[in-house]
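A short write-up of the structure that comes next.
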Amino acid sequence: MLSFQDARRAILQTVPTMSTESAVLREAYHRILAADVVAGMDLPPFDNSSMDGYAIRSSDTANATGGNRMRLNIAGEVSAGQISRRELQPGTAVRIMTGAPIPEGADAVIEQELVDLRNGVIELHTRVAEGRNVRRRGEETQKGEIVLRKGTRLTPACVGVLASLGITHVELHVRPSVALLTTGSEIVGVEEPLAPGKIRNSNAYTLWGLVVESGGNPVDLGKAGDDEEEIRSKIELGLQNDVLVTSGGVSVGKHDLVLHVLKELGVAIQFWKVNIKPGMPMAFGLYRSAQSRIVPVFALPGNPVSTMVTFLQFVRPALTRMSGGVDDKPSLKLSAKLEHDIPKTDEKRHFSRGIVRNVQGNLFVRTTGSQSSGMLSSLVIANCLIVIPEERKDLKAGDEVEIELL
Ligand code: AMP
Ligand code: MG
1 MLSFQDARRA
11 ILQTVPTMST
21 ESAVLREAYH
31 RILAADVVAG
41 MDLPPFDNSS
51 MDGYAIRSSD
61 TANATGGNRM
71 RLNIAGEVSA
81 GQISRRELQP
91 GTAVRIMTGA
101 PIPEGADAVI
111 EQELVDLRNG
121 VIELHTRVAE
131 GRNVRRRGEE
141 TQKGEIVLRK
151 GTRLTPACVG
161 VLASLGITHV
171 ELHVRPSVAL
181 LTTGSEIVGV
191 EEPLAPGKIR
201 NSNAYTLWGL
211 VVESGGNPVD
221 LGKAGDDEEE
231 IRSKIELGLQ
241 NDVLVTSGGV
251 SVGKHDLVLH
261 VLKELGVAIQ
271 FWKVNIKPGM
281 PMAFGLYRSA
291 QSRIVPVFAL
301 PGNPVSTMVT
311 FLQFVRPALT
321 RMSGGVDDKP
331 SLKLSAKLEH
341 DIPKTDEKRH
351 FSRGIVRNVQ
361 GNLFVRTTGS
371 QSSGMLSSLV
381 IANCLIVIPE
391 ERKDLKAGDE
401 VEIELL
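First residue of the sequence shown: 1, per the working numbering; consecutive thereafter.
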């Protein structure tokens, strides 16, 4: 059976890259930069105070000690958003608020709680070093510097940095539209009554959220029963998007029709079945649309945990790659000590739901309990996946295992 690594490679080597567009900042979250961003200005744009206090000339305080107090006359006040017009004269201080520009002539700010204020005069009893409480122009970013590199996924902090540089638009890869089809005659919508033998469609909701988190644009095709006609008409619609993800109907049961329909519609199946647990029966295919676009198709198994795990391991990295990202695996490799034995007899790669905790600087991990792939609540309490390689057998308490944080 195909290995996990080969399956991932087959996907990442073939998915197309989305075109790029200019987007406003509020449309940029979670998406990936298509070009380096260069600062057009210094940050901060001017020397300013990091404290509420008094702007002074540090040389004025050279002789201040506990026994020898210095007195400086207050010569004015400057708040954030204002500028102080006069140059600070020796022997004087200017009351200054956090974020206000340092007046000409001043080179330090003494915190207001460190001075005594009397009749328009401050007294200080410590020497103040040059630069104290001064945020220098350009100390964070200098004009001309690359602040964010192509391939960066934009977090709120990244978008905030862009805003502080006065950048209103960024070049991003177009968000891939990801059509979602859930299949199974037992599936009913969340708002529908539950007839005997039916279960609710949780995958439609987990998949939607996973797509959003991965920077894609989810498109719900609804659900199809285990009926060729119904599946075909939905998949035909789905193939008009950039990516198609289906859940269910991809195993070897009598009613598992998804693969059959995909092939009939011209999807070239690249692989079916991967040597992993959960999620073994997943399939991946490529469809060439009438406009010669390549549409990656992921047929995921329907068990809710299998759906999520295969999405995280295969679909998410594919969406990242399509959106111009480099790699989606956490760059930080983490390992933890097992808190209990884990029996394992097969030669699959396991992704067990785990709970990792930090005990005095050491990571310990245990599983969430039953690893049934139908039990979605295991992914509610899990904070990591425990990755157990193919060749490892029965694990013992105390063994080191690799974990991937969720
Ligand atoms: P399948 O992959 O179609 O064989 O389905 C495997 C298991 O997952 C069955 O127990 C299904 O009832 C369940 N399942 C399939 N699709 C969904 C869904 N959309 N939401 C929740 N459970 C599902
Ligand atoms: Mg089914």
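By construction, the Cβ of each residue, glycine as well, lies at the ideal position given by its N, Cα and C atoms.
- In this structure P45 is in contact with R137, their Cβ atoms being roughly 7 Å apart against a cut-off of 8 Å.
- Judged by the Cβ position, D227 fails to qualify as a neighbour of ligand 2 at the 7 Å threshold, every heavy atom of the ligand being at least this far.
- Within the same chain, Cβ atoms closer than 7 Å to the Cβ of N203 are found at T182, S247, G302, P304 and T307, the five residues on either side in sequence being excluded.
- Shortest gap from the CB of H260 to any heavy atom of ligand 2: 7 Å or more.
- In the structure shown, E391 adopts coil according to DSSP, grouped into three states.
- Pairing V219 with N241 gives a Cβ-Cβ distance under 8 Å.
- Collapsing the DSSP output to three states places M70 in a strand.
- Annotated three-state conformation of L124 is strand, per DSSP.
- Taking N383 as the centre and dropping the five residues before and after it, the same chain places the C-beta of G354, I355, V356, L405 and L406 closer than 8 Å to its C-beta, in chain order.
- Cβ contact annotation for I96 (same chain, cutoff 7 Å, sequence separation greater than five): S49, G53, Y54, A55, V78 and V109, in chain order.
- 8 Å or more divides the Cβ of F298 from the Cβ of V261.
- F284 is bridged by DSSP to F271 and F298.
- Contact check for I403 and L312: beta-carbon distance about 13 Å, past the 8 Å limit, so the pair fails to qualify.
- Of the heavy atoms belonging to ligand 1, none sits nearer than 7 Å to the Cβ of G238.
- When the Cα atoms are used, R118 and G131 turn out to be separated by approximately 25 Å.
- DSSP lists R95 and I110 as the beta-bridge partner residues of Y54.
- Relative to F314, the option among L12, N201 and L2 whose CA is nearest is L12.
- Remark: fewer than three beta-carbon pairs, one from each stretch, lie closer than 8 Å, so the stretch 22 to 42 and the stretch 79 to 86 are not flagged as touching.
- Inclusion of P90 and D116 in the CB contact set at 8 Å is not warranted, their separation being larger than that value.
- At a Cβ-Cβ threshold of 8 Å, V365 and V309 do not count as neighbours.
- DSSP places H260 in the helix class (H, G or I) of the three-state scheme.
- DSSP places T20 outside any alpha helix (DSSP H); the residue lies instead in the beta strand (DSSP E), whose first and last residues are T20 to V24.
- Contact between the stretch 158 to 175 and the stretch 222 to 232 is not established, with fewer than three Cβ pairs separated by less than 8 Å.
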